[in-house]
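*Asks:* Sequential numbering of the sequence shown, starting at 52, is according to the working numbering. Ideal placement from N, C-alpha and C gives every residue a C-beta, glycine not left out. None of these values were measured; they are calculated from a predicted model. So that we are looking at the same thing, I have put the structure below in structure tokens.
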Amino acid sequence: MSRLFYRYDERITNRPSVIEILCEWESYAPDNNQFDTRIGNAGEYITAAYVLGDPAVVLETIALDISRAEEMPPTFEELTGNGTWKTHKPGGKTVVLVDLTTAPPLRGNEYANRVRHHAIERCWNLYEHIMTFSPASAKNFHMNAGAYVARELPNSRPLHSTRRDGLVMQYK
Ligand SMILES: CC(C)(COP(=O)(O)OP(=O)(O)OC[C@H]1O[C@@H](n2cnc3c(N)ncnc32)[C@H](O)[C@@H]1OP(=O)(O)O)[C@@H](O)C(=O)NCCC(=O)NCCS
52 MSRLFYRYDE RITNRPSVIE ILCEWESYAP DNNQFDTRIG NAGEYITAAY VLGDPAVVLE
112 TIALDISRAE EMPPTFEELT GNGTWKTHKP GGKTVVLVDL TTAPPLRGNE YANRVRHHAI
172 ERCWNLYEHI MTFSPASAKN FHMNAGAYVA RELPNSRPLH STRRDGLVMQ YK
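Below is the structure:
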């Protein structure tokens with residue numbers, strides 16, 4: 052297993068490869084300009100983890116001024132401002148893990164587990180609540196790390212071809 056090297060916000064390099072990872076499953080994957088906008092709005096809440104210099108995992112998070120899962124915006128579009136991340140509220144009480152994606156050839160190497168663990172460790176003392184805005188298919192991935200289902204979000208990614216229904220899962 053190789054070491055992961057983390058880069059945040061403007062320091063994210065090799066952006067075309069980072070975007071390629073997002074394109075693999077995100078039906079809202081950004082182009083270069085949109086990704087720059089996302090980083091401009093959310094800064095270090097956008098993370099890329101590199102293996103031997105190449106992007107391997109991308110984690111996009113957002114801060115919100117909410118305290119309960121019931122207050123979570125019900126769709127990806129409302130949560131992220133149509134993918135711009137202009138809805139990010141620095142100083143909010145809750146951090147939301149929105150999208151975690153591993154490059155397909157690197158899956159099954161514990162990288163997603165390690166990136167999630169790293170993010171939760173960083174956020175634990177900074178936020179009152181840590182939630183996810185997940186596709187329902189990620190339920191076991193988060194439950195295995197101690198999260199519980201706080202709310203079901205049917206049709207939360209209405210533009211997504213295969214993962215329309217979602218869940219809010221809560222770590223803290
Ligand atoms: C889900 C995903 C991030 C896992 O990445 P990975 O680096 O292969 O994951 P890891 O090797 O760290 O394994 C993490 C766990 O996820 C499980 N897992 C692997 N692929 C999975 C998938 N497609 N869906 C759900 N869980 C999956 C593994 O069995 C493992 O479980 P364990 O810790 O209980 O053994 C990856 O399959 C992916 O990018 N999928 C597309 C995007 C997606 O659905 N993201 C979900 C979160 S938003």
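1. Check Ala163 in the structure and name its three-state DSSP category.
2. How is the beta strand (DSSP E) around Glu77 delimited, first residue to last?
3. Can you tell me the Cα-Cα spacing of Tyr59 and Asn164, whole angstroms?
4. Okay, do the region 125–138 and the region 164–175 touch, 3+ Cβ pairs below 8 Å being the bar?
5. With DSSP as the reference, please indicate the residues paired to Gly217 in a beta bridge.
6. DSSP on His180, reduced to helix/strand/coil?
7. Can you look up Thr131 in the DSSP assignment and give me helix, strand or coil?
8. In angstroms with no decimal places, state the Cα-to-Cα distance between Glu161 and Lys190.
9. Suppose you measure from the CA of Ala201 to the CA of Ala120; what does that come to, to the nearest Å?
10. Excluding the five sequence neighbours on either side, which residues of its own chain have a C-beta within less than 6 Å of the C-beta of Asn65, listed in chain order?
11. How is the beta strand (DSSP E) around Arg54 delimited, first residue to last?
12. So, His193 versus Ser118, is the Cβ gap smaller than 9 Å?
*Replies:* Let me lay it out:
1. helix
2. No beta strand (DSSP E) contains Glu77, which DSSP labels as neither H nor E.
3. 18 Å
4. no
5. Pro186, Leu204
6. strand
7. helix
8. 17 Å
9. 6 Å
10. Pro106
11. It is not in any beta strand (DSSP E) - Arg54 carries neither H nor E in the DSSP assignment.
12. no
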